[in-house]
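These notes concern the structure reproduced below.
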Amino acid sequence: MVTKRSRAPGLGDHGFTLLEVLVAMTLTSLVVVTALWMASTDVVIARAAPEAVDVQERARVAMALLETDVAAAGVGIDHGPLAGSAARLLPPIVPRRMGLSGAEAASVARADAMTLIVPADVSGTAETTASVSGTTPMVTVAAGPPCPIGKPFCGIPAGAVVLIADGTGRHALYAVTDVSGSSANLRALQTSAPAFDAGAVVVPVESRTYYFDRTNRQLRRYDGYASDTPVVDDVVDVRFEYLGDPSPPLRPKPPPGQSNCLYDDDGHVVAPLVSLSPQGGSLAPLPLDMFTDGPWCGEGDRQFDVDLMRVRSVRLRVRVQATLDQFRSTAPPGVDFRTAGTGRTAAGLVPDLELTAEIAPRNLNLGR
Amino acid sequence: MRVPREAGSAMGFTLVEVLIALALLAGAGLALATVVLRASRDVTAARRQTIETTMAVERMEQLRSLTWGWDAASPPGRVSDATTNLATNVPSSGGQGLMVSPSDALDVNEDGYADFADVRGKWVGAGTTVPPSAVFARRWRVSFVPSVADALVFEVKVEPVGAGRSGGSVESVRLVTVKGRKAE
């Protein structure tokens with residue numbers, strides 16, 4: 001308790017003057033208001049910064065994955081009569097989900113889904129010595145060079161995914177379940193698989209389906225077999241557009257005496273496809289409905305519209321948004337926010353980030 | 001010499017003491033605010049650099065996809081795209097395709113070798129004049145590899161312009177590649 005006696009000498013007991021109180025109150029208010037204003041702005045900005053970084057990070061990851069896989073789409077066939085790019089035999093980019101689970105029909109073409117065939121970590125090309133049919137075939141391949149000496153099934157290990165293709169456009173993907181000597185048991189990564197004559201090529205590949213899960217707002221990746229995982233969350237738009245050769249496709253061209261959707265047994269074109277008007281001097285936009293009207297090459301689940309052989313470039317568009325509502329504006333959806341949120345302070349808002357890139361897959365542009 | 005206060009005395013602080021304490025507090029607060037603002041500015045700069053990079057990659061890939069090959073006809077001849085205009089929003093005709101650009105195309109806005117985008121990376125114009133809403137300039141140069149026939153050098157540079165130059169240290173992005181003419 002404060003008493004008169006405890007005060008310092010000279011101060012007396014007259015208290016503060018009105019002026020002193022007013023000065024003290026003014027100073028205190030000034031300091032408190034300034035501090036609160038600074039603190040509140042700083043807190044808003046400081047809270048938004050990690051979210052902004054996160055939005056950028058997710059957008060970059062999505063684009064990096066897509067760019068890398070689209071650029072690598074296709075696979076090489078090392079040797080044999082079909083040696084060269086497999087993109088001459090089949091389309092390595094298809095605008096729909098493909099694989100063992102949830103595969104879409106060949107007549108489906110979506111702007112927000114894309115299945116790619118990309119090279120696998122293991123390499124090598126083998127050639128079948130007998131016909132292959134069914135969804136769980138046993139396949140035997142030629143053992144001699146250039147297969148590595150002493151390695152079963154031409155060095156392709158169990159667990160790998162292989163592409164089997166012939167020159168007509170017929171192809172299918174299989175998982176290698178076990179290998180023994182020059183043979184292996186396979187399991188088709190589709191519900192129906194075509195039959196191949198002896199001499200079909202066997203090449204290790206990987207299947208990558210990227211698709212937009214609109215309900216969960218995720219960009220997801222499916223390997224055509226068992227793994228279907230989200231890649232990036234809080235995605236609000238994914239679009240793939242295709243650009244391609246204005247001239248009609250001339251491949252796949254079957255070996256003499258065989259026919260397919262483009263050629264008859266004598267090697268004559270069955271029904272010429274239309275030439276398109278290019279945007280400039282090289283590529284023409286390929287609308288999705290172009291991929292759903294035939295003519296159809298291949299068989300089974302991997303049947304394809306031959307216009308897919310025109311694809312030379314893919315335009316990728318991915319848009320991601322802030323995860324929490326508080327970082328998105330309450331305004332109606334517009335250029336900065338696809339989904340309205342609860343944020344009212346401009347300094348604390350984190351706009352959506354939309355990235356666009358056009359990728360010209362190397363294997364689809366050989367000779368261009 | 002000042003006599004120390006008695007413990008529990010009610011002498012209080014002098015105005016000078018209060019002012020010094022306030023100044024110290026304000027200094028610390030300002031320093032903290034500077035850090036927060038700097039971090040915020042860096043995040044904005046990173047966003048812009050991400051957009052610059054995707055813009056540069058896009059133009060590089062578009063250049064790569066233009067025809068630069070051999071005609072399969074007999075005798076085979078060179079086929080080169082000399083008409084695509086990449087400077088428009090969507091590639092169109094009436095451009096120079098892969099024709100060699102002016103040597104200063106990376107630093108000066110040359111017609112057909114420069115376009116502009118807004119703060120979101122959306123195309124807003126092309127040509128020699130920077131549109132008012134432009135934040136990024138994308139320029140590209142096409143040249144021959146010295147002493148090598150049929151090999152082109154593509155260079156793409158994206159840098160901030162206009163309003164993009166203020167309010168942060170946004171650097172430019174530059175990509176370079178070589179494309180050879182080859183048969184399939």
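Chain order of the listed sequences is A and B. Oh and the first sequence: position 294 is 294 in our numbering, straight run, nothing missing. Oh and the second sequence: position 184 is 184 in our numbering, straight run, nothing missing. By construction, the Cβ of each residue, glycine as well, lies at the ideal position given by its N, Cα and C atoms.
- Beta-carbon of residue 360(A) versus every beta-carbon of chain B: anything under 8 Å? Working through the first sequence from its first residue, we reach residue 360(A) at position 360. Cβ-Cβ to chain B under 8 Å: yes for residue 360(A).
- C-beta neighbour in chain A for residue 85(B), strict 8 Å: Position 85 of the second sequence, counted from the start, is the residue given in the question as residue 85(B). Output row for residue 85(B): interface = yes.
- Query: Are the Cβ atoms of residue 161(B) and residue 137(B) separated by less than 8 Å?
  - Reply: Counted from its first residue, the second sequence places residue 161(B) at position 161. Counted from its first residue, the second sequence places residue 137(B) at position 137. Closer than 8 Å, so yes.
- Taking only beta-carbon atoms, is residue 103(A) less than 8 Å away from chain B? Position 103 of the first sequence, counted from the start, is the residue given in the question as residue 103(A). For residue 103(A), the answer is no, since every Cβ of chain B falls outside 8 Å of its Cβ.
- Message: When you compare the CB of residue 68(B) with every CB in chain A, is at least one pair closer than 8 Å?
- Response: Along the second sequence, one-based indexing puts residue 68(B) at 68. Output row for residue 68(B): interface = yes.
- Flag residue 247(A) as yes if its beta-carbon sits less than 8 Å from any beta-carbon of chain B, otherwise no. One-based indexing of the first sequence puts residue 247(A) at position 247. Closer than 8 Å: no.
- Determine the chain B residues that contact residue 60(A) at a beta-carbon separation under 7 Å, and present them in chain order. Working through the first sequence from its first residue, we reach residue 60(A) at position 60. Those within 7 Å of residue 60(A) in chain B are 50.
- Query: Buried or exposed: where does residue 13(B) fall if 16 or more other Cβ atoms within 10 Å of its Cβ makes it buried?
  - Reply: Here residue 13(B) refers to the residue found at position 13 when the second sequence is read from its first residue. Residue 13(B) should be labelled exposed.
- Task: Using a threshold of 8 Å, state whether the C-beta atoms of residue 236(A) and residue 338(A) are closer than that.
- Result: Within the first sequence, the letter at position 236 stands for residue 236(A). Within the first sequence, the letter at position 338 stands for residue 338(A). Yes, they are a contact pair.
- Query: Where does residue 364(A) fall in DSSP's three states?
  - Reply: Taking the first sequence and counting its residues from 1, one reaches residue 364(A) at position 364. Reduced to three states, the DSSP call for residue 364(A) is helix.
- Message: Does chain B have any CB closer than 8 Å to the CB of residue 93(A)?
- Response: Residue numbering aside, residue 93(A) sits at position 93 when the first sequence is read from its first letter. It does not: the Cβ of residue 93(A) has no partner Cβ on chain B nearer than 8 Å.
- Alpha-carbon spacing of residue 64(B) relative to residue 212(A), whole angstroms: In the second sequence, counting from the first residue as 1, residue 64(B) sits at position 64. In the first sequence, counting from the first residue as 1, residue 212(A) sits at position 212. Taking the straight line from one Cα to the other gives about 28 Å.
- Give a yes or no on whether 8 Å exceeds the smallest Cβ distance from residue 309(A) to chain B. In the first sequence, counting from the first residue as 1, residue 309(A) sits at position 309. No - not a single Cβ of chain B is within 8 Å of the one on residue 309(A).
- Query: How many Å lie between residue 363(A) and residue 83(A) at the Cα?
  - Reply: Residue mapping note: residue 363(A) aligns to position 363 of the first sequence, counting from 1. Residue mapping note: residue 83(A) aligns to position 83 of the first sequence, counting from 1. Rounded to whole angstroms, residue 363(A) to residue 83(A) spans 13 Å at the Cα level.
- residue 32(B) versus residue 124(B): straight-line alpha-carbon distance, rounded: Translated into the one-based positions of the second sequence, residue 32(B) becomes position 32. Translated into the one-based positions of the second sequence, residue 124(B) becomes position 124. C-alpha separation (whole angstroms): 38 Å.
- Query: Under 8 Å between C-beta atoms, does residue 38(A) make it to chain B?
  - Reply: As a position in the first sequence, residue 38(A) is number 38, starting the count at 1. For residue 38(A), a Cβ of chain B is located within less than 8 Å of the residue's own Cβ.
- Task: May I ask which residues mark the beginning and end of the beta strand (DSSP E) holding residue 159(B)?
- Result: By 1-based counting over the second sequence, the position of residue 159(B) is 159. It spans 151-160 - the beta strand (DSSP E) in which residue 159(B) sits, taken as one unbroken run.
- Is any beta-carbon of chain A found at less than 8 Å from that of residue 166(B)? Here residue 166(B) is taken as the residue at index 166 of the second sequence, counted from 1. No, residue 166(B) does not count as interfacial toward chain A.
- Using the DSSP secondary-structure output, state which residues sit across from residue 263(A) in a beta bridge. Working through the first sequence from its first residue, we reach residue 263(A) at position 263. DSSP output for residue 263(A) lists 269(A) as bridge partner(s).
- Query: Using a beta-carbon distance below 8 Å, is residue 24(B) in contact with chain A?
  - Reply: Along the second sequence, one-based indexing puts residue 24(B) at 24. For residue 24(B), the answer is no, since every Cβ of chain A falls outside 8 Å of its Cβ.
- Message: According to DSSP, is residue 152(A) part of a helix, a strand, or is it coil?
- Response: In the first sequence, counting from the first residue as 1, residue 152(A) sits at position 152. Three-state result, residue 152(A): helix.
- For residue 5(A), I'd like the list of residues in its chain whose CB is within less than 6 Å of its CB, leaving aside the five on either flank, ordered along the chain. The residue you call residue 5(A) lines up with position 5 of the first sequence. Residue placement at residue 5(A) is flagged as unreliable, the pLDDT there being 46, under the threshold of 50; the coordinate-derived value follows with that caveat. Result list for residue 5(A): empty, nothing under 6 Å.
- Task: Run down chain A in chain order and give the residues with a C-beta less than 8 Å from the C-beta of residue 46(B).
- Result: Numbered from 1 along the second sequence, position 46 holds the residue referred to as residue 46(B). Going along chain A in sequence order, the residues near residue 46(B) (Cβ under 8 Å) are 53, 56.
- Message: Mapping the DSSP letters down to three states, classify residue 92(B) as helix, strand or coil.
- Response: Taking the second sequence and counting its residues from 1, one reaches residue 92(B) at position 92. Reduced to three states, the DSSP call for residue 92(B) is strand.
- Consider the Cβ of residue 365(A): report whether some Cβ of chain E lies at a distance smaller than 8 Å. The chain labelled as chain E is not found among the protein chains of the depicted structure, namely A and B.
- Message: Please report whether the beta-carbon of residue 115(B) lies at a distance below 8 Å from any beta-carbon of chain A.
- Response: By 1-based counting over the second sequence, the position of residue 115(B) is 115. Output row for residue 115(B): interface = no.
- Query: Looking at C-alpha atoms only, which residue of 340(A), 297(A), 367(A), 354(A) is the closest neighbour of residue 89(A)?
  - Reply: By one-based count along the first sequence, residue 89(A) stands at place 89. Ranking 340(A), 297(A), 367(A), 354(A) by Cα distance to residue 89(A) puts 297(A) first.
- Query: Of all the residues that make up the region 114-135 of chain A, which are near chain B by a beta-carbon distance shorter than 8 Å?
  - Reply: Contact annotation: in the region 114-135 of chain A, no residue has its CB less than 8 Å from a CB in chain B.
- Task: Could you give the DSSP three-state label for residue 104(B): helix, strand or coil?
- Result: By one-based count along the second sequence, residue 104(B) stands at place 104. Coil.
- Query: Does any residue of chain B bring its CB to less than 8 Å from the CB of residue 79(A)?
  - Reply: As a first step, residue 79(A) is located in the first sequence; it is residue number 79 there, counting from the start. Chain B contact via Cβ: absent.
- Task: Output yes if chain A places a C-beta closer than 8 Å to the C-beta of residue 199(B); else output no.
- Result: Beyond the ends of chain B as shown, which are 1 and 184, falls residue 199(B); an answer cannot be given.
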